[in-house]
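Take a look at the structure set out below.
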Amino acid sequence: MNSGAGGSGCSGGGGDRDGTGAAERSRRGSPGEDGFAPSALGTREHWDAVYERELQTFQEYGDTGEIWFGEESMNRLIRWMQKRKIPLDASVLDIGTGNGVFLVELVGTFSIHVLKPNFEMKF
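Following the working numbering, the numbering of the sequence shown begins with 81 at its first residue and continues without gaps.
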């Protein structure tokens, strides 16, 4: 279930594509090209670990985790889609899907089919 803040493929600096250089600089605390020490939040490694923990928590306890932009925002968007009678076969692109809780709600509300993107793609 993926992509709110994570899934963007951004590495957080240093010109490396997978974030490993930024992750190493973050551990060492050394600055990147812009003079700032990069944060682990800007690395793929960090978000892979976050989503792995969230998936494990969901599988063990049924807890969907953080709704990063708020449950009311999610519900408002679903009500908007229902009011406008969005077809059940409509394509929905959830950019930055985070832990996927919005997609889970869409599946439950509209019975739509969800394609899981390949998060191993290099951008």
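Where is the CB? At the ideal position from N, CA and C, for every residue including glycine.
Beta-carbon proximity of Thr25 to Val187, cut-off 8 Å: The first residue shown for the chain is 81 and the last is 203, placing residue 25 beyond what the model contains.
Can you tell me where the alpha helix (DSSP H) holding Asp128 begins and where it ends? Arg124 to Tyr141 is the span of the alpha helix (DSSP H), which, as asked, contains Asp128.
Determine the DSSP secondary structure at Ser191, reduced to helix, strand or coil. If DSSP states are grouped into helix, strand and coil, Ser191 belongs with coil.
Where the alpha helix (DSSP H) through Glu151 begins and ends: Start and end: Glu151 to Lys163.
Assigned exposure category for Phe182 - 16 Cβ within 10 Å defines buried: That one is buried.
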